[in-house]
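Trainee: Below is one structure. I have some questions about it.
Residue numbers (my numbering): 7 to 386.
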């Protein structure tokens with residue numbers, strides 16, 4: 007199949023994936039009005055090396071934590087899905103099992119259940135004293151040096167397409183345009199821009215405050231994949247070089263589960279980890295987010311607290327669950343977010359909080375449906 011035809015087929019596939027969940031946006035509507043023509047133009051721009059990322063929209067979000075988002079235009083999202091489709095599976099096979107973010111069949115729930123499994127394994131069913139060490143990489147996305155990240159991705163492309171140099175060169179070009187682009191140059195801003203409003207997001211979490219060449223925007227599909235690619239060597243360093251079998255990571259949060267006898271050595275190895283992150287990746291551990299806890303006392307991770315006999319929701323999870331239930335109940339938001347919380351709650355001790363969510367939803371439809379909603383939540 008000619009390359010131009012093949013690429014158009016791949017762009018159609020990427021387009022159909024990119025529009026999932028985005029069909030209510032003006033940007034998607036405009037692109038969809040003449041989608042096949044737009045994809046042909048995009049294909050030609052990519053082949054002839056004319057493609058440049060368009061300017062995104064910057065805005066702030068405050069849940070679950072305050073952070074800055076730079077949303078890419080829909081046209082660029084199609085390119086992001088193209089790159090993910092071409093490279094994601096190859097990289098996924100090279101990630102450790104316990105890397106949970108932005109991987110099919112994984113996510114926060116998988117991270118919670120895997121940590122519980124590691125704890126039970128190390129503690130031999132809570133009959134042996136064991137500890138969890140948790141660390142957080144400070145300002146992870148904002149601290150990534152884009153040129154260094156591009157180098158890691160380019161090296162991977164050379165291995166993935168060793169026998170297809172033309173494909174390697176093409177994808178290397180597209181990745182370079184996406185990764186090395188300065189997302190804040192000409193960015194469009196949405197929402198309040200007063201000094202008071204902007205202070206709600208810490209300065210170290212804003213792209214405009216980073217040195218030139220540093221920072222990766224949060225939210226793009228390529229950013230999530232690139233974060234896993236960037237830290238893949240680090241994951242294998244902890245697993246193989248340091249030898250910690252019971253290790254897992256979700257984006258910038260990672261944990262190590264050890265026995266009481268291994269604890270002293272593990273605490274020493276944290277300094278090796280700190281040095282490795284700084285020297286090879288240019289990253290630092292957050293000094294205020296180091297956590298060492300005996301597993302019997304409960305371990306907080308990804309919105310849950312893992313106890314010997316149950317998994318309990320964290321305070322933030324409860325608050326977000328109630329807000330999602332209320333927003334869905336009165337029609338302010340669709341069911342997607344709320345159903346996600348219900349799915350998580352299936353594995354947690356949440357009977358009372360589900361009952362409270364049902365009362366808070368404030369249904370304005372038939373009593374029959376309201377009763378059905380309550381039954382589904384409470385499990386009666």
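Using N, Cα and C, we set each Cβ at its ideal position, and we do this for glycine too.
Is it a yes or a no for the stretch 220-238 touching the stretch 85-92, going by three-plus beta-carbon pairs under 8 Å?
Mentor: Touching, per the Cβ criterion.
Trainee: Let me know the secondary structure DSSP gives residue 256 once reduced to three states.
Mentor: Correct three-state label for residue 256: strand.
Trainee: Within the same chain, show all residues whose beta-carbon is closer than 7 Å to that of residue 187, passing over the 5 residues directly before and after it, in chain order.
Mentor: 59.
Trainee: Under the three-state reduction of DSSP, which class applies to residue 264: helix, strand or coil?
Mentor: Strand.
Trainee: Grouping DSSP H, G and I as helix and E and B as strand, with all else coil, what is residue 243?
Mentor: Residue state, collapsed to three classes: helix.
Trainee: Assuming residue 93 is part of the alpha helix (DSSP H), what are its boundary residues?
Mentor: Here the alpha helix (DSSP H) through residue 93 covers 80-98.
Trainee: For the beta strand (DSSP E) that contains residue 139, what are its first and last residues?
Mentor: Segment 136-142, the beta strand (DSSP E) holding residue 139.
Trainee: Go to residue 161, then tell me how far its alpha helix (DSSP H) extends in each direction, as first and last residue.
Mentor: Its alpha helix (DSSP H) spans residues 152-166.
Trainee: Closest by CA to residue 313, which one among 21, 138, 295 and 253?
Mentor: The shortest C-alpha separation from residue 313 is found at 138.
Trainee: In this structure, does DSSP put residue 16 in helix, strand or coil?
Mentor: Looking at residue 16 - three-state DSSP - the assignment turns out to be helix.
Trainee: Buried or exposed: where does residue 372 fall if 16 or more other Cβ atoms within 10 Å of its Cβ makes it buried?
Mentor: For residue 372, the predicted model reports a pLDDT of 38, less than 50, meaning its position is unreliable; a value from the coordinates is still stated below. Classification of residue 372: exposed, given that the 10 Å Cβ count is below 16.
Trainee: Cβ of residue 207 within 9 Å of Cβ of residue 76?
Mentor: No, they are not a contact pair.
Trainee: If I measure Cβ to Cβ from residue 146 and keep anything under 8 Å in the same chain, skipping five residues before and after, which residues do I get?
Mentor: For residue 146, where only same-chain residues beyond five positions count, the Cβ hits under 8 Å are 233, 257, 258 and 289.
Trainee: Compute the beta-carbon to beta-carbon distance between residue 221 and residue 148, rounded to the nearest angstrom, for a pair I have assumed lies under 8 Å.
Mentor: Indeed they touch by this definition, with Cβ atoms about 5 Å apart.
Trainee: Residue 179 lies in the alpha helix (DSSP H); which residues open and close that run?
Mentor: Where residue 179 is concerned, the enclosing alpha helix (DSSP H) stretches over 171-186.
Trainee: Got a sec, what are the start and stop residues for the alpha helix (DSSP H) residue 34 sits in?
Mentor: Unbroken alpha helix (DSSP H) run through residue 34: 32-39.
Trainee: My output table needs one value for residue 279: the three-state DSSP class, helix, strand or coil.
Mentor: Three-state result, residue 279: helix.
Trainee: Figure out for me which residue from 66, 16, 9 and 15 has the closest Cα to the Cα of residue 223.
Mentor: Checking every option, the nearest Cα to that of residue 223 belongs to 66.
Trainee: If you draw a straight line from the alpha carbon of residue 355 to that of residue 53, how long is it in whole angstroms?
Mentor: Spanning the two alpha carbons is a distance of roughly 54 Å.
Trainee: What do you reckon, are the CB atoms on residue 304 and residue 115 nearer than 9 Å?
Mentor: No, these two residues do not count as a Cβ contact at 9 Å.
Trainee: Which ranges would you report for the alpha helix (DSSP H) in the stretch 201-237 if only whole runs of at least 4 residues count?
Mentor: DSSP runs (the alpha helix (DSSP H)) wholly in the stretch 201-237: 201-204 and 227-236.
Trainee: Bridge partners for residue 298 per DSSP, in chain order?
Mentor: In DSSP, residue 298 forms a bridge with 139.
Trainee: Below 8 Å on the Cβ atoms is my contact criterion, and I expect residue 118 with residue 308 to pass it. Report the Cβ-Cβ distance as a whole number of Å.
Mentor: At roughly 5 Å, the Cβ-Cβ gap stays under 8 Å, so residue 118 and residue 308 are in contact.
Trainee: For residue 45, which of helix, strand or coil comes out of DSSP?
Mentor: Of the three classes helix, strand and coil, the one that applies to residue 45 here is helix, per DSSP.
Trainee: Mind checking residue 13: buried by the 16 CB within 10 Å criterion, or exposed?
Mentor: Classification for residue 13: buried.
Trainee: Bridge partners for residue 76 per DSSP, in chain order?
Mentor: In DSSP, residue 76 forms a bridge with 64.
Trainee: Which partner residues of residue 105 appear in the DSSP bridge assignment?
Mentor: According to DSSP, residue 105 bridges with 255.
Trainee: I believe residue 196 touches residue 36 by the beta-carbon criterion, under 8 Å. Please report the beta-carbon distance rounded to the nearest angstrom.
Mentor: Contact flag wrong, Cβ pair sits at about 17 Å.
Trainee: Would you decide whether residue 374 is buried or exposed? Buried here means 16 or more other CB atoms lie within 10 Å of its CB.
Mentor: Any reading at residue 374 must be qualified, since the residue scores a pLDDT of 37, below 50, and its modelled position is unreliable; the value itself is stated next. By the 10 Å Cβ count, residue 374 comes out exposed.
Trainee: Which same chain residues, not among the five before or five after residue 386, have their C-beta less than 7 Å away from its C-beta?
Mentor: Its pLDDT being 43, under 50, residue 386 is placed unreliably by the model, and nothing is read from it.
Trainee: Determine the direct distance from the alpha carbon of residue 131 to that of residue 106, and round the result to whole angstroms.
Mentor: Near 23 Å, if we compare the C-alpha coordinates of residue 131 and residue 106.
Trainee: Figure out for me which residue from 68, 21, 71 and 33 has the closest Cα to the Cα of residue 48.
Mentor: Out of 68, 21, 71 and 33, 21 has the C-alpha closest to the C-alpha of residue 48.
Trainee: Note the first and the last residue of the continuous alpha helix (DSSP H) segment covering residue 146.
Mentor: Its alpha helix (DSSP H) spans residues 146-149.
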